[in-house]
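**Student:** Just passing along the structure, written as structure tokens.
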Amino acid sequence: MKPPEGPFTAAIADRTLEVIRQFGRFRGGPDAAAASLCMAITTTPFEERETVFAALLTLCGVSTEQWTTPLSVPGGGVIASTPRDAMLMLIDRERTYLSNVPAHSAFARVVRALVRRGDLARLVVTPRDRLYSALVTAT
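When we follow my numbering, the leftmost residue of the sequence shown carries the number 486, and every step to the right adds one.
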């Protein structure tokens, strides 16, 4: 499986920024925020969601070369999982149908790691035009 790489289309950039915007409005703890983010990604149209997830990973600084390395978080509490395993779960649409994502799945663990590392909080405060240009010019 070759991961989707940038530059991303305008439609993918727009959807990715919408997912980030939704995350910024969520006021729960990190686990609840991660669950909300999982739902936002898995309810993205099937033909876009893998690429939206790849775009989100790109903005969080996780390059495609790092997709086979488990994402760890400080303080523990989250079993590390690789972005590649999370992507394979997204591709297996029967296992991630709409918002039905088990909390212990590879996809949920990667999303929780991105939240707990602070990557998503950083993206929420980054100007939208800067994020957009980073996505459409990413290589």
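Idealized CB from N, CA, C, for every residue including glycine.
L556 bridges to which residues according to DSSP?
**Tutor:** Locating residue 556 in the sequence shown gives position 71, counting from the first residue. L556 is bridged to S566.
**Student:** Taking S548 as the reference, give the member of T567, A525, A518 with the closest Cα.
**Tutor:** Looking up residue 548 in the sequence shown gives position 63. The candidate whose alpha carbon is nearest that of S548 is T567.
**Student:** So the candidates are R602, F538, L502; which of them puts its Cα closest to the Cα of I526?
**Tutor:** Counting from 1 along the sequence shown, the entry for residue 526 is found at position 41. Of R602, F538, L502, the residue nearest in Cα terms is F538.
**Student:** Which whole-angstrom value describes the C-beta separation of V621 and P492, a residue pair presumed to lie in contact below a C-beta threshold of 8 Å?
**Tutor:** For the purposes of this step, residue 621 is identified with residue 136 of the sequence shown, where counting begins at 1. For the purposes of this step, residue 492 is identified with residue 7 of the sequence shown, where counting begins at 1. That belief holds up - the Cβ atoms of V621 and P492 are roughly 5 Å apart, short of 8 Å.
**Student:** Please report the distance separating the alpha-carbon of T501 from that of P559.
**Tutor:** On the sequence shown, residue 501 is found 16 positions in, with the first residue counted as 1. On the sequence shown, residue 559 is found 74 positions in, with the first residue counted as 1. Spanning the two alpha carbons is a distance of roughly 26 Å.
**Student:** Indicate the three-state DSSP secondary structure (helix, strand or coil) for R493 in the structure shown.
**Tutor:** As a first step, residue 493 is located in the sequence shown; it is residue number 8 there, counting from the start. A small correction: the amino acid at residue 493 is Phe; Arg does not occupy that position in the sequence shown. Three-state result, F493: coil.
**Student:** Going by Cα to Cα distance, which pick from R506, M572, A496 is closest to P612?
**Tutor:** The residue labelled residue 612 in the question sits at position 127 within the sequence shown. When only C-alpha atoms are compared, the closest one is R506.
**Student:** Taking the straight line between their C-alpha atoms, what separation do you get for P515 and L573?
**Tutor:** Position 30 of the sequence shown, counting from 1, holds the residue named residue 515. Position 88 of the sequence shown, counting from 1, holds the residue named residue 573. About 24 Å.
**Student:** What separation, rounded to the nearest whole angstrom, lies between the Cα atoms of S557 and R597?
**Tutor:** The residue you call residue 557 lines up with position 72 of the sequence shown. The residue you call residue 597 lines up with position 112 of the sequence shown. Roughly 10 Å between the two C-alpha positions.
**Student:** What are the boundary residues of the alpha helix (DSSP H) that includes L591?
**Tutor:** One-based indexing of the sequence shown puts residue 591 at position 106. Reading off the sequence shown, one finds Ala at residue 591, where the question assumed Leu. From DSSP, the alpha helix (DSSP H) with A591 extends over 591-601.
**Student:** Rounded to whole angstroms, what's the CA-CA distance from A565 to V595? Just pull it up for me.
**Tutor:** Walking along the sequence shown from the start, residue 565 turns up at place 80. Walking along the sequence shown from the start, residue 595 turns up at place 110. Spanning the two alpha carbons is a distance of roughly 7 Å.
**Student:** Among F531, V504, E532, which has the Cα closest to the Cα of A520?
**Tutor:** Taking the first residue of the sequence shown as 1, we reach residue 520 at position 35. The shortest Cα separation from A520 among F531, V504, E532 belongs to V504.
**Student:** Closest by CA to L522, which one among R569, A593, P555, H589?
**Tutor:** Taking the sequence shown and counting its residues from 1, one reaches residue 522 at position 37. Answer by Cα proximity: A593.
**Student:** Please return the same chain residues whose Cβ sits closer than 6 Å to the Cβ of D604, not counting the five positions on each side in sequence.
**Tutor:** For the purposes of this step, residue 604 is taken as residue 119 along the sequence shown, with counting starting at 1. Result list for D604: C545, in chain order.
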